[in-house]
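Asks: Let me begin by handing over the structure; questions about it come next.
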Amino acid sequence: MADIGEEENLVPENTAPTDEENYAAPPPPQLDLEPQIVTSIPQVPVAAPKPKPRKAPELPIFERRNWLIHLHYVRKEYDSCKSLIREQLAESGGMCEYAVYVQALILRQEGKIQESLEMFQTCTLLNPTSADNLKQAARSLFLLARHKAAIEVYNETAKISQKDWEISHNQGVCYMYLRDYAKAKECLTQALAFKRHEISYVMLGKIHLMEGDINAAIEIYKQAVEYSPENPDMLTTLGLLYMQIGQYQKAFENLGNAMTYDATHVKAIMAAGSMMQTHGDFDVALNKYRIAAVKTPESPTLWNNIGMSFFGKKKFVAAISCLKRANYLAPFDWKILFNLGLVHLTMQQYASAFHFLSAAINLKPKMAQLFMLLAVALTHLEDPDNARQAYEQALTLDQKDPGISLNFALYMYNNGQKKEAAKQFKDFEMKMKILKATNPNGGDPEIQDVASKLAAALQVGDSMLWKQSSQPSAPQSDQNANTMPSKPSDNVDETQVKKPIGSIPDSGPLPPPPNDPVGDITGGRGAPTPIIPPYNPYEEDRGASRLESEPTFHPPPKTDSLPPITGGAGLKAGALPPLGIPIASGRTEPPDLDKLPTPPKDGLPSYTEAMNESKKPEMEPAT
Numbered sequence: 002m003a004d005i006g007e008e009e010n011l012v013p014e015n016t017a018p019t020d021e022e023n024y025a026a027p028p029p030p031q032l033d034l035e036p037q038i039v040t041s042i043p044q045v046p047v048a049a050p051k052p053k054p055r056k057a058p059e060l061p062i063f064e065r066r067n068w069l070i071h072l073h074y075v076r077k078e079y080d081s082c083k084s085l086i087r088e089q090l091a092e093s094g095g096m097c098e099y100a101v102y103v104q105a106l107i108l109r110q111e112g113k114i115q116e117s118l119e120m121f122q123t124c125t126l127l128n129p130t131s132a133d134n135l136k137q138a139a140r141s142l143f144l145l146a147r148h149k150a151a152i153e154v155y156n157e158t159a160k161i162s163q164k165d166w167e168i169s170h171n172q173g174v175c176y177m178y179l180r181d182y183a184k185a186k187e188c189l190t191q192a193l194a195f196k197r198h199e200i201s202y203v204m205l206g207k208i209h210l211m212e213g214d215i216n217a218a219i220e221i222y223k224q225a226v227e228y229s230p231e232n233p234d235m236l237t238t239l240g241l242l243y244m245q246i247g248q249y250q251k252a253f254e255n256l257g258n259a260m261t262y263d264a265t266h267v268k269a270i271m272a273a274g275s276m277m278q279t280h281g282d283f284d285v286a287l288n289k290y291r292i293a294a295v296k297t298p299e300s301p302t303l304w305n306n307i308g309m310s311f312f313g314k315k316k317f318v319a320a321i322s323c324l325k326r327a328n329y330l331a332p333f334d335w336k337i338l339f340n341l342g343l344v345h346l347t348m349q350q351y352a353s354a355f356h357f358l359s360a361a362i363n364l365k366p367k368m369a370q371l372f373m374l375l376a377v378a379l380t381h382l383e384d385p386d387n388a389r390q391a392y393e394q395a396l397t398l399d400q401k402d403p404g405i406s407l408n409f410a411l412y413m414y415n416n417g418q419k420k421e422a423a424k425q426f427k428d429f430e431m432k433m434k435i436l437k438a439t440n441p442n443g444g445d446p447e448i449q450d451v452a453s454k455l456a457a458a459l460q461v462g463d464s465m466l467w468k469q470s471s472q473p474s475a476p477q478s479d480q481n482a483n484t485m486p487s488k489p490s491d492n493v494d495e496t497q498v499k500k501p502i503g504s505i506p507d508s509g510p511l512p513p514p515p516n517d518p519v520g521d522i523t524g525g526r527g528a529p530t531p532i533i534p535p536y537n538p539y540e541e542d543r544g545a546s547r548l549e550s551e552p553t554f555h556p557p558p559k560t561d562s563l564p565p566i567t568g569g570a571g572l573k574a575g576a577l578p579p580l581g582i583p584i585a586s587g588r589t590e591p592p593d594l595d596k597l598p599t600p601p602k603d604g605l606p607s608y609t610e611a612m613n614e615s616k617k618p619e620m621e622p623a624t
């Protein structure tokens, strides 16, 4: 044990304490000189460190490759995905739900709907509480056109997943295909109450159009535009619906908004160009069509409208060229054939007009205007019996068009049947009075002029009540400025509603629109194809900018002024006939080379006489 003095020597000498030591230093320890008992400190056992795992924990065998299967599926690498699915199902004994689910999706993408349905049913057995499995099974039933079974599955799914807009929407689509429009509208309205989606608005609007309620469809699409104001498809469809009811100002506003958000939207461009073309602005319409031709150069509707714009400008060769291209792209479109017949009839190429009009009648046998124009062509082809049958068939199909009765009366008068002509003229007057009662601006002045001349020739129609309101109307008011007179040559387009074109993602194909004469405008199918009435080639030009609202009548000329129909069917449509020699009656016949007249002598020497003169000896000058 060390002494106390030794401990004191440990402190260095001459060391002055600092301020901190004076104020903060602890008091010196009290030394205990008595012996102490030292006890041992208990030791705490230290746990051994756990070894780190060398690899990730193993996933369950059923879900081990799900992430890789999903990766290949979203990349659309279906071959690699199917090989992984086979390996996964082999390891799990067919109990991997996700692998079976993805395999069913791939089968449906490949068009094997029945096999995909069986796979989704297997998924339902593996997990009966999954709403997604039931939705996919109902979707496959819908694609197999088993709509009632799909509705039953959707009802079972609604018990598991409540307030699901997708279930209500798909139920409404199924009811629409079953033509139960009341339940379809109820389901789609319920789907919109759950969650607003553009596709639900589209389907609800289509149902109103299929019921013929255009105003209700307009209200639905107005709500859709409020929900999605920058959707050019919705704006274009709303503009087309306004065109159907004659509100051209609102239609042009919506189409302009659609082109503001998408300057190359083909459907909006086609609709705006068609409206300009209807109002006679052919140059502006052609500028619009030029933009659309960049994106859809193979659109038959586009080339049809371009051709009729050239026809309105009286550029008939260009019109035929464009219409022939449209006919090449869509050979079974009756409206293109109708327009080709109309242009050839205006160019007095009656054999070609008969060819195209007959083809159009085979595709559209219930359109009266086709038979009327066919009768005009047959009249010029000197076939009066078939021409009369065509007129009678036209009257049978359409008993409201006054143009058919007037053309028939002209035909009867030119053939010397004045009594029957007077009868048809009375029918024309009755139809014209009805047209004037429903639409005061519905008569074309040209029709009224022809009717006045025919009435004077027949000595009938002294009162002519239908002619009293035939004065040219003043500029229309704001409400009437948007209404255009109906075109009898285009009755099908004006009376029937063009259905808006939309798409249903993951909800099955669209229902076919009823009696829609237009078909895929979508660039599709949904752009309107106007038929511009022709100009009368037998009268003077009354202004190229005026748009006629009634069909032009082609009164047959006198018999002695008809050109011969020799070899007319062999000529190409639109080609010029061979030159001929004019004869006394004004007709032209092919030249006969053996009977050509000798040319008149002009006083010049012939080649022989000139050579003989050159061989004579020169005379010497007399001296």
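Residues in the sequence shown are numbered consecutively from 2, following the numbering used here. The beta-carbon is built from N, C-alpha and C at its ideal position, and this holds for glycine as well.
1. Tell me whether Phe312 sits in a helix, a strand or coil according to DSSP, three-state version.
2. Does the pairing of the segment 331–345 with the segment 359–370 give three or more beta-carbon distances under 8 angstroms?
3. Thinking Met433 and Pro403 are a contact (beta carbons under 8 angstroms), I'd like their distance in whole angstroms, please.
4. Go ahead and pull the three-state DSSP assignment for Phe333.
5. Find out if the Cβ-Cβ distance for the pair Pro233, Ala273 is shorter than 8 angstroms.
6. Between the segment 309–323 and the segment 292–301, do at least 3 Cβ pairs fall closer than 8 angstroms?
7. Go through its chain and collect everything with a Cβ distance to Ala395's Cβ below 6 angstroms, but skip five positions before and after it.
8. With a threshold of 16 other CB atoms inside 10 Å of the CB of Asn306, please say whether the residue is buried or exposed.
9. Looking at C-alpha atoms only, which residue of Gln104, Leu126, Pro385, Thr158 is the closest neighbour of Leu135?
10. Using the C-alpha atoms, what's the distance from Arg140 back to Lys184?
11. Would you mind reading off the limits of the alpha helix (DSSP H) that contains Asn415?
12. Could you check where the alpha helix (DSSP H) with His198 kicks off and where it finishes?
13. Which residues in the same chain have their Cβ closer than 6 angstroms to the Cβ of Tyr228, if we skip the five residues on either side of it in sequence?
14. Just confirm the distance between the C-beta atoms of Met638 and Leu303, as a whole number of angstroms; I'd bet it's less than 8 angstroms.
15. Can you give me the C-alpha to C-alpha distance between Met235 and Ser117, rounded to a whole angstrom?
16. Taking the straight line between their C-alpha atoms, what separation do you get for Arg446 and Ser453?
17. Do you know offhand how far Gln137's Cα is from Glu92's?
18. Under 8 angstroms, do Tyr414 and His381 count as touching if we go by C-beta distance?
19. Using the Cβ count rule (16 or more neighbours within 10 Å means buried), how would you classify Gly257?
20. Quick one: Cα of Cys97 to Cα of Asn255, how far?
21. Buried or exposed: Ser637, going by 16 or more other Cβ atoms within 10 Å of its Cβ?
22. Have a look at Leu179 and His148 and give me their C-alpha separation to the nearest angstrom.
23. Check whether the Cβ atoms of Leu411 and Ala391 lie closer than 8 angstroms to each other.
24. Just the C-alpha distance for Asp263 and Phe253, rounded to the nearest angstrom, thanks.
25. Buried or exposed for Phe333, please, with buried defined as at least 16 other CB atoms from any protein chain shown within 10 angstroms of its CB.
26. Using three-state DSSP, classify Arg147 as helix, strand or coil.
27. Please report how far the alpha carbon of Leu346 lies from the alpha carbon of Gln400, in whole angstroms.
28. What did DSSP end up calling Leu382 once you bin it into helix, strand or coil?
29. Might you give, ordered along the chain, the residues of its own chain that have their beta carbon closer than 7 angstroms to the beta carbon of Gly417, omitting 5 neighbours on each side?
30. Is the separation between the beta-carbon of Ile221 and that of Leu205 shorter than 8 angstroms?
31. Among Lys424, Arg76, Ile435, which residue has its Cα nearest to the Cα of Leu459?
32. Who are the near neighbours of Ala218 in its chain, counting only those whose CB is closer than 7 angstroms to its CB and skipping five residues on each side?
33. How would you call Trp335, buried or exposed, if buried means at least 16 neighbouring beta carbons within 10 angstroms?
34. Please report the distance separating the alpha-carbon of Ile86 from that of Leu108.
Replies: Taking the definition as stated:
1. Translated into the one-based positions of the sequence shown, residue 312 becomes position 311. DSSP places Phe312 in helix when its eight states are reduced to three.
2. yes
3. Indexing the sequence shown from 1 puts residue 433 at position 432. Indexing the sequence shown from 1 puts residue 403 at position 402. Going by Cβ atoms, the distance from Met433 to Pro403 rounds to 5 angstroms, so yes, they are a contact pair.
4. On the sequence shown, position 332 is the one that residue 333 refers to. DSSP places Phe333 in coil when its eight states are reduced to three.
5. Counting from 1 along the sequence shown, the entry for residue 233 is found at position 232. Counting from 1 along the sequence shown, the entry for residue 273 is found at position 272. No, the pair does not count as a contact, with Cβ atoms beyond the cut-off.
6. no
7. Counting from 1 along the sequence shown, the entry for residue 395 is found at position 394. These residues qualify, in order along the chain: Ala369, Phe372, Met373, Ile405.
8. Counting from one through the sequence shown, the residue named residue 306 turns up at place 305. Buried is the call here.
9. To locate residue 135, count along the sequence shown from 1; it is residue 134. Of the listed residues, the one whose Cα sits closest to Leu135 is Thr158.
10. On the sequence shown, position 183 is the one that residue 184 refers to. On the sequence shown, position 139 is the one that residue 140 refers to. One C-alpha to the other measures close to 19 angstroms.
11. Position 414 of the sequence shown holds residue 415. It spans 403–415 - the alpha helix (DSSP H) in which Asn415 sits, taken as one unbroken run.
12. As a working mapping, residue 198 is identified with position 197 in the sequence shown. It is not in any alpha helix (DSSP H) - His198 carries neither H nor E in the DSSP assignment.
13. Taking the first residue of the sequence shown as position 1, residue 228 is located at position 227. Within the same chain, Tyr228 has close Cβ partners Arg197.
14. In the structure as shown, the chain begins at 2 and stops at 624. Residue 638 is therefore absent and cannot be evaluated.
15. What you label residue 235 is simply residue 234 of the sequence shown in a count that begins at 1. What you label residue 117 is simply residue 116 of the sequence shown in a count that begins at 1. The alpha-carbon atoms of Met235 and Ser117 are separated by roughly 34 angstroms.
16. Taking the sequence shown and counting its residues from 1, one reaches residue 446 at position 445. Taking the sequence shown and counting its residues from 1, one reaches residue 453 at position 452. Residue 446 is actually Pro in this sequence, not Arg. Looking at the two C-alpha atoms, the distance is approximately 10 angstroms.
17. In the sequence shown, residue 137 corresponds to position 136, counting from 1. In the sequence shown, residue 92 corresponds to position 91, counting from 1. Whole-angstrom Cα-Cα distance: 25 angstroms.
18. Counted from its first residue, the sequence shown places residue 414 at position 413. Counted from its first residue, the sequence shown places residue 381 at position 380. Contact: no.
19. As a first step, residue 257 is located in the sequence shown; it is residue number 256 there, counting from the start. Exposed is the call here.
20. If you number the sequence shown from 1, residue 97 lands on position 96. If you number the sequence shown from 1, residue 255 lands on position 254. Each residue's alpha carbon lies about 52 angstroms from the other.
21. Outside the shown range of the chain, which is 2 to 624, sits residue 637, and nothing can be said about it.
22. One-based indexing of the sequence shown puts residue 179 at position 178. One-based indexing of the sequence shown puts residue 148 at position 147. Straight-line Cα distance between these residues: approximately 7 angstroms.
23. Indexing the sequence shown from 1 puts residue 411 at position 410. Indexing the sequence shown from 1 puts residue 391 at position 390. Their beta carbons are not under 8 angstroms apart, which means Leu411 does not touch Ala391 by this criterion.
24. By one-based count along the sequence shown, residue 263 stands at place 262. By one-based count along the sequence shown, residue 253 stands at place 252. If you take the alpha carbons of Asp263 and Phe253, they lie about 15 angstroms apart.
25. What you label residue 333 is simply residue 332 of the sequence shown in a count that begins at 1. Exposed is the call here.
26. If you number the sequence shown from 1, residue 147 lands on position 146. In this structure, Arg147 counts as coil in the three-state DSSP scheme.
27. Taking the sequence shown and counting its residues from 1, one reaches residue 346 at position 345. Taking the sequence shown and counting its residues from 1, one reaches residue 400 at position 399. Approximately 24 angstroms between the Cα atoms of the pair.
28. For the purposes of this step, residue 382 is identified with residue 381 of the sequence shown, where counting begins at 1. The answer is coil: DSSP assigns Leu382 none of H, G, I, E or B.
29. Here the question's residue 417 lines up with position 416 in the sequence shown. Hits under 7 angstroms: none found.
30. Mapped onto the sequence shown, residue 221 falls at position 220. Mapped onto the sequence shown, residue 205 falls at position 204. Yes, these two residues count as a Cβ contact at 8 angstroms.
31. For this step, residue 459 is matched to residue 458 along the sequence shown. Per the Cα distances, Lys424.
32. Position 217 of the sequence shown holds residue 218. Excluding sequence neighbours, Ala218 sits near Gly206, His209, Leu210, Leu242.
33. The residue you call residue 335 lines up with position 334 of the sequence shown. Trp335 is buried by the Cβ-count criterion.
34. Position 85 of the sequence shown holds residue 86. Position 107 of the sequence shown holds residue 108. So the two alpha carbons sit approximately 13 angstroms from each other.
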